[in-house]
Amino acid sequence: MCGIFGYIGSRDAVKIAINGLKKLEYRGYDSAGIAGIKDGKIVSAKELGKITALEKEVAKMNLDLHVAISQTRWATHGKPSKINAHPHFDATHQLALVHNGIIENYEALRTSLKDKGVHFVSDTDTEVVAQLIGAHYKGDILKAVFETLPLLKGAYAIALIHQDYPDQIIAISHNAPLVIGIGENEAFISSDTHSFVAHTREVVFLENSEVAVIKADKLEVFNTALEQIEKKSEQLSIEAIESSKGNYEHYTLKEIHDQPQAVRNALSGRFLQEYGTASFDSLNFDVNELLNVKRILILACGTSWHAGYMGAYMLEDKARIPVQAEIASEFRYKNPIVQNDTLVIAISQSGETADTIAAVRELKAKGAKILALCNVEGSTLVREADSTLFLRAGQEIGVCSTKAFTSQVVILSLFTLMMARMRHMSKQDGQEFLKALERLPDQIDSILKNSAHIEAIAKKYAHYENFFYLGRHYMYPASLEGALKLKEIAYINANGYPAGEMKHGPIALINENCPTVALCSNNLTHEKLLSNLMEVKSRNGLVIAIAEEGDKGIEKIADEIIRVPATIDELACIPAVVVTQLLAYFIAKERGADIDQPRNLAKAVTVE
Ligand code: G6P
Numbered sequence: 162m163c164g165i166f167g168y169i170g171s172r173d174a175v176k177i178a179i180n181g182l183k184k185l186e187y188r189g190y191d192s193a194g195i196a197g198i199k200d201g202k203i204v205s206a207k208e209l210g211k212i213t214a215l216e217k218e219v220a221k222m223n224l225d226l227h228v229a230i231s232q233t234r235w236a237t238h239g240k241p242s243k244i245n246a247h248p249h250f251d252a253t254h255q256l257a258l259v260h261n262g263i264i265e266n267y268e269a270l271r272t273s274l275k276d277k278g279v280h281f282v283s284d285t286d287t288e289v290v291a292q293l294i295g296a297h298y299k300g301d302i303l304k305a306v307f308e309t310l311p312l313l314k315g316a317y318a319i320a321l322i323h324q325d326y327p328d329q330i331i332a333i334s335h336n337a338p339l340v341i342g343i344g345e346n347e348a349f350i351s352s353d354t355h356s357f358v359a360h361t362r363e364v365v366f367l368e369n370s371e372v373a374v375i376k377a378d379k380l381e382v383f384n385t386a387l388e389q390i391e392k393k394s395e396q397l398s399i400e401a402i403e404s405s406k407g408n409y410e411h412y413t414l415k416e417i418h419d420q421p422q423a424v425r426n427a428l429s430g431r432f433l434q435e436y437g438t439a440s441f442d443s444l445n446f447d448v449n450e451l452l453n454v455k456r457i458l459i460l461a462c463g464t465s466w467h468a469g470y471m472g473a474y475m476l477e478d479k480a481r482i483p484v485q486a487e488i489a490s491e492f493r494y495k496n497p498i499v500q501n502d503t504l505v506i507a508i509s510q511s512g513e514t515a516d517t518i519a520a521v522r523e524l525k526a527k528g529a530k531i532l533a534l535c536n537v538e539g540s541t542l543v544r545e546a547d548s549t550l551f552l553r554a555g556q557e558i559g560v561c562s563t564k565a566f567t568s569q570v571v572i573l574s575l576f577t578l579m580m581a582r583m584r585h586m587s588k589q590d591g592q593e594f595l596k597a598l599e600r601l602p603d604q605i606d607s608i609l610k611n612s613a614h615i616e617a618i619a620k621k622y623a624h625y626e627n628f629f630y631l632g633r634h635y636m637y638p639a640s641l642e643g644a645l646k647l648k649e650i651a652y653i654n655a656n657g658y659p660a661g662e663m664k665h666g667p668i669a670l671i672n673e674n675c676p677t678v679a680l681c682s683n684n685l686t687h688e689k690l691l692s693n694l695m696e697v698k699s700r701n702g703l704v705i706a707i708a709e710e711g712d713k714g715i716e717k718i719a720d721e722i723i724r725v726p727a728t729i730d731e732l733a734c735i736p737a738v739v740v741t742q743l744l745a746y747f748i749a750k751e752r753g754a755d756i757d758q759p760r761n762l763a764k765a766v767t768v769e
């Protein structure tokens, strides 16, 4: 979703900002823009579409800037267009600002400004902020900012420049992430540390409602009462990753292929084979706290929620703890009941998903302990949580999540094992569970080696506009995830459904034009699933089965079979989901979709 990048210092601000924006591309966007100060005046450029279009435009302008703010926009208020792209300006064009988030009361503010004769050029909520600060400006920009902020409702991260202050950027963070990178006589500002970590690792995170005045050689941070506050900088330990697709055509394909290694990383140093259990260095809850857990609440969105759903089945089944997996955007408005013995697990690849963070804050306010599963060091979720288990999946750039999902499920499996071993699970059962986990990387590898077969099936079925994904028990959340992949990257309507529920309505949609992807690798419910698939076949439905090696029963039913290596039911979703990722990828490729940055989607959804 929208990404902010700013630079101030002696180097070429345009070049650094454009490169910074490219590092934010993965978040998903529809337009991009940049503004700076040249000869005492605001200069700017905006383009619809890719950053390369903006890059070409600024190259023509021959800008020589030492301060710049820039942004990738993901449309919320006003369609994607050059006019609606950021930066936005006040009426006198003395200030420019970029924004990530939503100003919820923008309509009322816009009307009252219009009544005072202010003319708006865009449809955005952001322009309201620029116009308001401009209207309050009487020679002191910080004062104008502080007079405006109490009028705004919503979430916002803002970077602002004013032509009367050519040596500073003002940054504001309220429920939206913004981090300042401190270099030698230069400073960076961004929504994501990855975008500047190649330049500096020294960072200051802005917390809620803080306002920073950033100069090349000085940083001042103020609280809402305009009092200057002491902020300690932190050193990032993340590597500067030169993200590259290698020999792969898309990041998404590369990340699907990263999975054997991602699983190895997730497992590394986190289990004790001898005792048949798992342990996490970074888990700072003591044994008594973990033994006292009587209920677990898992919160997440999108693919992370599917991993959480899987974790819920596993934790209940193996650790015998009641678990609820909730979609964060729904949960946060339920006025939740939180008892002392409830552990909250918040799952987020990015650590920036607005609904997940808001739900976590609500639960923290009610006294709950938060365990985060996250892939991004320094992200908002990591800073909010009491403890974090990192995915160690490496940066995920493709907008649709692939390797993060597998890593999340692996870590939830290890966590389940640890909780189960502390309760009823025997050492032998624990050791068997671990052996199954250790086999996973090679099993995924063998699926990846079977890509040509999956691609051939994908080509044959790519023209269908509707699909069902059916599974039972552990394969139900897997079917949700499989269907989501197809929706996200191939733009095909796909329904993930518990197979036993089909006859209660959805089966009315089955005919020869609606293939069913059947996720068959769940031993407990296998016979039941086969009966459900017979019902599909009887209605002329086509069946593409993802079935374990040795599964003979499916051969009489399925039109196509993609084999996966056999594993225990608790882990079977991983091989099955890897197949669905490849299937969606090849179907999307066949249809010519924009696989790494699908239309309308964002990698980090930082608005509600
Ligand atoms: C967006 C992404 C999804 C992701 C979801 C949750 O919708 O496109 O791939 O699953 O957000 O993201 P998180 O970073 O919280 O896991």
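Residue 162 is where the sequence shown starts when you use our numbering, and the numbers rise one by one after that.
Every residue, glycine too, gets a C-beta built ideally from N, C-alpha and C.
Exercise. Under the DSSP definition of a beta bridge, which residues are partnered with residue 849?
Worked result: There is simply no residue 849 to check, as the chain begins at 162 and stops at 769 in what is shown.
Exercise. Are there three or more Cβ pairs, one per stretch, closer than 8 Å when the segment 561 to 579 is compared with the segment 429 to 443?
Worked result: yes
Exercise. For the 8 Å Cβ check, are there 3 or more pairs between the segment 626 to 635 and the segment 676 to 686?
Worked result: yes
Problem set entry | Local Cβ density within 10 Å of residue 759, reported as buried at 16 or more and exposed below that | buried
Exercise. Does the Cβ-Cβ distance between residue 537 and residue 424 come in under 8 Å?
Worked result: no
Problem set entry | Three-state secondary structure (DSSP) of residue 469 | helix
Problem set entry | Coarse secondary structure for residue 535, derived from DSSP in three states | strand
Exercise. For residue 562, which residues of its own chain have a beta-carbon under 8 Å away from its beta-carbon, when the five flanking residues on both sides are left out?
Worked result: 463, 464, 465, 510
Exercise. Do you know offhand how far residue 236's Cα is from residue 558's?
Worked result: 20 Å
Problem set entry | C-alpha distance - residue 197 paired with residue 452, whole-angstrom precision | 56 Å
Problem set entry | Distance between beta carbons of residue 709 and residue 692, contact taken as under 8 Å | Incorrect: roughly 18 Å between the Cβ atoms, too far for contact.
For this session: Spatial neighbours of residue 246 within its chain, please: CB distance less than 6 Å, with the 5 preceding and 5 following residues excluded, ordered by chain position.
Result: 192, 194, 207, 234
Problem set entry | Spatial neighbours of residue 288 in its chain, beta-carbon cut-off 6 Å, leaving aside the 5 residues before and after | 249, 281
Problem set entry | Given residue 772 as reference, the closest of 257, 180, 385, 470 once Cα atoms are compared | Lying before the first or after the last residue shown, residue 772 is absent from the chain, which here runs from 162 to 769.
For this session: Work out the CA separation of residue 568 and residue 552 for me, nearest whole Å.
Result: 6 Å
For this session: Use the C-beta contact count for residue 418: other C-beta atoms within 10 angstroms, 16 or more gives buried, fewer gives exposed.
Result: buried
Exercise. Helix, strand or coil: how does DSSP classify residue 659 here?
Worked result: strand
For this session: Go to residue 684, then tell me how far its alpha helix (DSSP H) extends in each direction, as first and last residue.
Result: Residue 684 -> no alpha helix (DSSP H), and no H or E assigned at all.
Problem set entry | Backbone secondary structure at residue 255 - three-state DSSP | coil
Problem set entry | Spatial distance of residue 175 from residue 204 (CA atoms) | 11 Å
Exercise. According to DSSP, what are the bridge partners of residue 334?
Worked result: 318, 371
For this session: Could you name the residues of the same chain whose beta carbon sits closer than 8 Å to that of residue 378, not counting the 5 residues immediately before and after it, in chain order?
Result: 346
Problem set entry | Closest by C-alpha distance to residue 514, when choosing among 748, 769, 375 | 769
For this session: Please find out if some non-hydrogen atom of the ligand G6P comes closer than 7 Å to the beta-carbon of residue 762.
Result: yes
For this session: Give every residue of the same chain whose Cβ lies closer than 7 Å to the Cβ of residue 734, excluding the five residues on either side of it in the sequence, and list them in chain order.
Result: 471, 570, 635, 636, 638, 639
Exercise. Is any heavy atom in the ligand G6P found nearer than 7 Å to the beta carbon of residue 462?
Worked result: yes
Exercise. Pick from 398, 189, 297, 532: whose alpha carbon is nearest that of residue 359?
Worked result: 398
Problem set entry | Which of helix, strand or coil DSSP assigns to residue 167 | strand
Exercise. Just to confirm, are residue 619 and residue 542 a CB contact at a threshold of 8 Å?
Worked result: no
Exercise. Short check: CB of residue 505 to CB of residue 531, under 8 Å?
Worked result: yes
Exercise. For the alpha helix (DSSP H) that contains residue 267, what are its first and last residues?
Worked result: 267 to 276
Exercise. How is the alpha helix (DSSP H) around residue 302 delimited, first residue to last?
Worked result: 302 to 309
For this session: Evaluate residue 428 with the Cβ neighbour count: other Cβ atoms within 10 Å of its Cβ, from every protein chain shown; 16 or more gives buried, anything less gives exposed.
Result: buried
Problem set entry | beta strand (DSSP E) segment containing residue 230, residue limits | 228 to 234
For this session: Flag this pair as yes or no: are the beta carbons of residue 458 and residue 550 separated by less than 8 Å?
Result: no
For this session: Determine, using beta carbons only, whether residue 320 and residue 167 come nearer to each other than 8 Å.
Result: yes
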